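A.B. asks:
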Amino acid sequence: MALLEVKNVTKSFMNEKKILVLDNISFEANEDEFLAIVGPSGCGKSTLLRIIAGLETPDFGKILFHGKPLLAPTLKITMVFQHFGLLPWKTLLENIELPLEIQGLGPKERRERAMRFVKDVGLEDFIDVYPHGLSGGMKQRVGIARALALEPEILLMDEPFSSLDALTAEVLRKEVLDIWNDKTNITNTFIMVTHSIEEAVFMADRVIVLSARPGKIIGDVEVEIPRPRMKHERDKKFFRIVDKIKTLITKHSSTVAR
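For the sequence shown, counting from 1, position 33 maps to 44 in our numbering; every step adds exactly one.
#1: Flag this pair as touching only if the region 63-76 and the region 178-193 have three or more C-beta atom pairs under 8 angstroms; answer yes or no.
#2: Give me the Cα-Cα distance between E210 and I202, rounded to the nearest whole angstrom.
#3: So, are the CB atoms of G53 and K22 less than 8 angstroms apart?
#4: Just verifying my parser: in three-state terms, what is the DSSP assignment at N41?
#5: Only counting the same chain, and skipping five residues up and downstream in sequence, which positions put a Cβ closer than 7 angstroms to that of R248?
#6: Assess, as a yes-or-no matter, whether the region 220-237 is touched by the region 191-205 under the definition of 3 or more beta carbon pairs within less than 8 angstroms.
#7: Take the Cβ of H263 as the centre, count every other Cβ of all protein chains shown within 10 Å, and call the residue buried at 16 or more, exposed below.
#8: Closer than 8 angstroms is the cut-off here; do at least three beta carbon pairs connect the region 128-138 with the region 154-166?
#9: With DSSP as the reference, label I155 as helix, strand or coil.
#10: List the endpoints of the continuous alpha helix (DSSP H) containing M214.
#11: Helix, strand or coil: how does DSSP classify N35 here?
#12: Helix, strand or coil for D254 per DSSP?
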């Protein structure tokens, strides 16, 4: 049985008229899997992630977690947002400890757990620094550590590297893969939304491809490339998969345009 099942999810929003955003989305995510979701801007990728997190309710369809309907947010599924969302009056360590405090952990246990994930993201020298003293890359590392500290079974990431410079993003991608690959961590299933097809192919085991709005699944592409992967012009297999996904999106866009 799959860890997570998205079944026939459909979602609309009301503006001046009803706008269909997601149309009959179905796929599964398994344990120890890194899944990426790509598609054109506005196709409902982030909305889909929020539905999986229990932060939005679909009009139709359902999310199954361990085979049971997910009806509300759960600490077993946490999310890293595109914007960092750190509290400016709390230090780096206090920001990571906050959800653990809300969860009811005592000071000693939450500090020990928070410090474990601070070390995972390489920020142990900055635990007393406030957010204004952190770079963008550091802030995103804090967001990742904060989500992982809850020890979820599934980590959702919404465009986690989009606001970072290219070099910082490249380093952080590799760090996230190291965390996912660390078998001592409870969290071993990652689902990431990204605009970058190359980023998706570099990181994921499978890439779910959505069409332009309303988002429909037009591809479920296996990335059968050994790790560690290289985004290098001589890696023909890597770019064949990138081109395959681009072609799926372009072909569907052309069909819709007609």
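Positions of the beta carbon are idealized from the N, C-alpha and C atoms, including for glycine. Being a predicted model, the structure only gives us computed values, none of them experimental.
C.D. replies: Answer, in terms of the structure:
#1: Judged by Cβ distances under 8 angstroms, the region 63-76 makes no contact with the region 178-193, as fewer than three pairs qualify.
#2: Numbered from 1 along the sequence shown, position 199 holds the residue referred to as residue 210. Numbered from 1 along the sequence shown, position 191 holds the residue referred to as residue 202. Approximately 13 angstroms between the Cα atoms of the pair.
#3: Walking along the sequence shown from the start, residue 53 turns up at place 42. Walking along the sequence shown from the start, residue 22 turns up at place 11. No, the Cβ-Cβ distance between G53 and K22 is not below 8 angstroms.
#4: Your numbering for residue 41 matches position 30 in the sequence shown. Reduced to three states, the DSSP call for N41 is coil.
#5: Stepping through the sequence shown from its first residue, residue 248 is reached at position 237. The sequence given here places Lys at residue 248; Arg does not occur at that position. Apart from sequence neighbours up to five positions away, the residues of its chain that approach K248 with a beta-carbon distance below 7 angstroms are I236, ordered along the chain.
#6: Touching, no.
#7: Residue numbering aside, residue 263 sits at position 252 when the sequence shown is read from its first letter. Residue burial annotation: H263 is buried, with at least 16 other C-beta atoms found within 10 angstroms of its C-beta.
#8: The region 128-138 vs the region 154-166: in contact.
#9: On the sequence shown, position 144 is the one that residue 155 refers to. Residue state for I155 is assigned as helix, using DSSP reduced to three classes.
#10: Walking along the sequence shown from the start, residue 214 turns up at place 203. Note, M214: alpha helix (DSSP H), 208-214.
#11: Stepping through the sequence shown from its first residue, residue 35 is reached at position 24. If DSSP states are grouped into helix, strand and coil, N35 belongs with the strands.
#12: Residue mapping note: residue 254 aligns to position 243 of the sequence shown, counting from 1. Helix.
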